[in-house]
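One point on numbering: in the UniProt record's numbering, the residue at position 23 of the sequence shown is 23, and numbering is uninterrupted.
Note sheet for the following structure.
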Amino acid sequence: MPVTSWLKLFMSKVVAKTVSNPASGKQSLARWLISGPPLLYLIFFFAVPTLIMAFAAFRYPGDYGGLAPLFDESGALDLTLESFTPFFSDFVYTAIFLKSFLFAIITTLVCLLMAYPLALLIARSPQKWRSLLVLLVILPFWSNFLIRIYAWIIILGPQSALTRGVNAVLGVFGFEPVTLLYSAFAVIVGLVYVHLPFMVLPLYANLEKHDPALLDAAQDLGANAWQRFWRVTFPLSLPGVYAGAALVFIPALGIFAVSDLLGGTGGIMIGNVIKQQFLDSRDWPFGSVLSIMLTVAALAAAGLAALLARPRRRANG
Numbered sequence: 001m002p003v004t005s006w007l008k009l010f011m012s013k014v015v016a017k018t019v020s021n022p023a024s025g026k027q028s029l030a031r032w033l034i035s036g037p038p039l040l041y042l043i044f045f046f047a048v049p050t051l052i053m054a055f056a057a058f059r060y061p062g063d064y065g066g067l068a069p070l071f072d073e074s075g076a077l078d079l080t081l082e083s084f085t086p087f088f089s090d091f092v093y094t095a096i097f098l099k100s101f102l103f104a105i106i107t108t109l110v111c112l113l114m115a116y117p118l119a120l121l122i123a124r125s126p127q128k129w130r131s132l133l134v135l136l137v138i139l140p141f142w143s144n145f146l147i148r149i150y151a152w153i154i155i156l157g158p159q160s161a162l163t164r165g166v167n168a169v170l171g172v173f174g175f176e177p178v179t180l181l182y183s184a185f186a187v188i189v190g191l192v193y194v195h196l197p198f199m200v201l202p203l204y205a206n207l208e209k210h211d212p213a214l215l216d217a218a219q220d221l222g223a224n225a226w227q228r229f230w231r232v233t234f235p236l237s238l239p240g241v242y243a244g245a246a247l248v249f250i251p252a253l254g255i256f257a258v259s260d261l262l263g264g265t266g267g268i269m270i271g272n273v274i275k276q277q278f279l280d281s282r283d284w285p286f287g288s289v290l291s292i293m294l295t296v297a298a299l300a301a302a303g304l305a306a307l308l309a310r311p312r313r314r315a316n317g
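See below:
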């Protein structure tokens, strides 16, 4: 059926429903107007590119890079599974994938440990100071991403005050000097710096809604500050923890700019390999395979976060 026929059929149903029940029709139209633009955005800028990328994974690479013709000389579809072989047969790519997972997990945990006290401080601050404190959290987003990463190159450089201070302390205890820049440590520092606000904001949004009467009731029942935190505050904040963990873990897993600028050869992540396949090697099918694996991992992480948060949301009503 042509697209215009589908559109006419859909509009006829909407009009018929509106005429039969004007109130219900207005509500339905309002829902479509509200949810329609985000839905179209997801379709055109996520679903469609993902399908194109998935289809490219089954294509042959071109003689000069890119993709080979879709049809062979006989007119049949020229598809293959060859591009999946290196990922499952070469341990190098598996090791880089696992290292990317490790970096993303460490980044998420460090962000949680740093963001939770900060979010709790903002939530417990007087109302007049909260907006200013939140503004300070998001202030780094006002500057260019690359400028912020290049600033860390200066901070972690071999002649920086930080590196000299660390090596001076290590020298006192008889250890060899270390290089902070172009290492796994530098990558973790950069990832934490970039993604920390994405952990602070969901936690703050959750902690701000907690009823202080719950803590007062726990105190009246004899709970000390430590018990009040672990038995009241932290369980109620788990939806914010899960949301922040997803917002940090997913982009940290696939990022390549931070590891490109701060990691050197020792900090290569799966995002760097994907970029290399598309831009340098021009092996688009294999780059698409790696992108599919990364997308599946990201969707699995998002699904796990949603699954963990769902019972808590029901419990909180």
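Ideal Cβ placement from N, Cα and C applies to all residues, glycine included.
In the displayed model, leucine 67 falls within a strand according to three-state DSSP.
Taking leucine 132 as reference, the option from Asp280, Phe84 and Ala119 with the minimal CA-CA separation is Ala119.
Closest in C-alpha terms to valine 258, from the list Val178, Ile188 and Leu39, comes Ile188. If you draw a straight line from the Cα of alanine 205 to the Cα of alanine 54, it comes to about 36 angstroms. Bridge pairing for aspartate 283: Gly66 [DSSP].
Annotation: the continuous alpha helix (DSSP H) that includes arginine 130 extends over 127-138. Secondary structure in the stretch 135-182: no beta strand (DSSP E) run of 3 residues or longer lies completely within the stretch. Counted as a single uninterrupted DSSP element, the stretch harbouring glycine 267 is not any alpha helix (DSSP H), since DSSP gives it neither H nor E. Taking the Cα positions, leucine 294 is about 17 angstroms away from alanine 245. In the three-state reduction of the DSSP assignment, leucine 214 falls in the helix class, which pools H, G and I. Taking the Cα positions, valine 110 is about 47 angstroms away from proline 69.
Glycine 190 places its beta carbon 9 angstroms or farther from that of leucine 98. Proximity of the stretch 58-66 to the stretch 268-287 meets the contact definition, three or more beta-carbon pairs being nearer than 8 angstroms.
Taking all protein chains shown into account, threonine 265 has fewer than 16 neighbouring C-beta atoms within 10 Å of its C-beta and is therefore exposed. For valine 187, the enclosing alpha helix (DSSP H) starts and ends at 184-207. In this structure phenylalanine 249 is buried. Its beta-carbon is surrounded by 16 or more other beta-carbon atoms within 10 angstroms.
Contact annotation, alanine 186 with glycine 254: C-beta distance approximately 18 angstroms; criterion of less than 8 angstroms not satisfied. In the DSSP assignment, alanine 76 falls outside any alpha helix (DSSP H), carrying neither H nor E. For arginine 124, the uninterrupted alpha helix (DSSP H) segment begins and ends at 91-124.
Looking at the DSSP output, proline 61 sits in a beta bridge with Leu67.
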